[in-house]
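Here the structure comes first, spelled out in structure tokens, and everything after it is commentary.
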Amino acid sequence: MPQLRIPGPTPCPTEVLEAMGWPMINHRGPEYEKIIHEVTDELKQVFQTQNDLYILTGSGTGGLEAAVVNMLSPGDKILSVSIGAFGDRWANIAKTFGANVVSLNFEWGRAADPDAVAKAIKANPDVKAVLVTHNETSTGVTNDLEAISKVVKDAGKLLLVDAISSLSSIDVPVDKWGCDVVVTGSQKGWMVPPGLAMVSVSPEAWKAFDKASMPRFYWDFGKAKSFLEKGQNPWTPAVSVVYALSVALKMMLREGLKNIFARHNRIGQMTRDGIKGLGLSIFADEKYASNTVTSVAIPEGVDGKKLRQLMQSEHGIVLAGGQQHLDGKIFRIGHLGLVSEDDIKELIAALKITLPEVGFAGIKQ
Ligand SMILES: *Cc1c(COP(=O)(O)O)cnc(C)c1O
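Numbering (numbering that gives the first Met the number 0), first residue to last: 0 to 364.
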């Protein structure tokens, strides 16, 4: 089986994949009620939150749209803090639904500066909410969410967080940092196939919900809340993915959050060291380099597409390319969820063989 080293979908443990084949049940019956309550409680442990939490059937982007349409009204001014493709996507969703978006964009590869966020809020005292990407998967950068959240909450603004590629793998203490709406997705560090977005909603977010008038139907948090009280979802959920999540969560809680975060930290560092050891460089500002995805600058004269093709055909390792203007400029290594030191050793060894075949003369011995 190829080693899937892209930042989602990620490899799944066999037990998780087997759960995808369990028989169907009535999603309005007692078995589903039991499983949805159990999974929601376990998710709250990983989110480190006592806030309400909903499992939505859809990809992560659906969760981002849900955050926007449930919190805002058309014409509301919001601050979008973007450091890459996913931050830009979220701002676009907000614009699509009529928000008045003030953009604070940082150079791709860099982290957001919390002081600049504070200044932008000061310059726009009427912003209602701040949209932040915790871990920007397109550039391999993890923002200092703790510092940003402090600035946003000190200013009394609603904090909406895209933690799709961090939560589950990197520490995101939702309550401690005062994050109002936090979104993640099953196919990232959760070791689960695609199909679910998980979203937490704070009491302050519920107050915003009461006033929010953007059009919404499928993503309505109000419906999610009233149905969860009955142990159901408003619409037919991706039952098989919920099964898979129930198995993965048990594995995660057995490993322990601290151990999971430490493993990602270790493997992130090991990946960066391995890449630099080959004579390549990290695209991201290393101070903020992500422990779930590493972006590697493609050196002059190297054909990045060919590199990825050979890595897959000769070594069975699947890497991700760059998005938008980073296409051909970087490649990305996903190391989130089911990943071990041995996986990274194998990957670095394969790169060492492949790089000279695609025109890289700088390999270190
Ligand atoms: C993957 C990802 C998304 C998009 O999620 P989909 O499940 O592909 O819709 C959004 N934001 C971040 C940070 C991501 O990593």
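Glycine is no exception: its CB is placed at the ideal position from the N, C-alpha and C atoms.
Looking at the DSSP output, Leu-318 shares a beta bridge with no other residue.
In the assembly as shown, Ser-137 is a buried residue. Its beta-carbon has 16 or more other beta-carbons within 10 Å. DSSP, read as helix, strand or coil, puts Asn-69 in helix. The beta carbons of Leu-130 and Val-80 sit closer together than 9 Å.
Excluding sequence positions up to five before and after His-36, its CB lies within less than 7 Å of the CB of Gly-230, all in the same chain and listed in chain order.
By alpha-carbon distance to Ile-34, the top candidate from Leu-354, Thr-270, Val-240, Phe-216 is Val-240. One thing to note: Ser-199 has its Cβ no nearer than 9 Å to the Cβ of Asn-69.
Just measuring C-alpha positions, the residue of Ile-24, Asp-342, Met-250 sitting nearest Thr-235 is Ile-24. Distances between the C-beta of Arg-331 and the heavy atoms of ligand 1 are all 8 Å or more. Around the beta carbon of Ala-90, a 10 Å sphere encloses 16 or more other beta carbons of the protein chains shown; the residue is thus reported as buried.
Shown here for Ile-92: same chain residues with a beta carbon closer than 7 Å to its own, the five before and five after excluded, namely Leu-63, Glu-64, Val-67 in chain order. When rounded, the separation of the alpha-carbon atoms in Ile-5 and Arg-331 is 7 Å. Nearest to Gly-28 by C-alpha distance, out of Phe-226, Val-357, Leu-325, is Phe-226. Asn-134 has its CB nearer than 8 Å to a heavy atom of ligand 1.
Spatial neighbours of Leu-256 in its own chain (CB-CB distance under 7 Å, excluding positions within 5 residues in sequence) are listed in chain order as Val-45. Distance from the C-beta of Phe-85 to the nearest heavy atom of ligand 1 is below 8 Å. A check of alpha carbon separations from Tyr-217 across Thr-270, Asn-134, Leu-55 identifies Leu-55 as the nearest. Only buried fits His-133, as 16 or more other CB atoms lie within 10 angstroms of its CB.
Less than 9 Å divides the Cβ of Ala-98 from the Cβ of Gly-74.
DSSP, reduced to helix, strand and coil, places Arg-27 outside both helices and strands of the structure shown, so it counts as coil.
In terms of Cβ geometry, Gly-361 and Gly-188 do not form a close pair [threshold 9 Å]. In the pairwise beta carbon analysis, the stretch 307-317 is classified as touching the stretch 341-353: at least three pairs are separated by under 8 Å.
Every beta strand (DSSP E) of 3 residues or more that sits fully in the stretch 180-218 is shown, in chain order, as 180-184, 195-200. By the 16-neighbour rule on beta-carbons within 10 angstroms, Trp-21 is exposed.
The continuous beta strand (DSSP E) containing Asp-161 extends over residues 157-161. Contact between Leu-144 and Val-171 holds, since their C-beta atoms are separated by about 7 Å, short of 8 Å.
Its chain contains Val-357 as the residues whose beta carbon lies nearer than 6 Å to that of Asp-302, once the 5 sequence neighbours on both sides are disregarded; these appear in chain order. The residues Asn-69, Met-70, Val-200, Phe-220, Gly-221, in chain order, have a CB closer than 8 Å to that of Phe-208 in the same chain once the five nearest residues on each side in sequence are set aside. Per DSSP, the unbroken beta strand (DSSP E) holding Arg-331 starts and ends at 329-333. For Arg-88, the distance from the CB to the nearest heavy atom of ligand 1 is below 8 Å.
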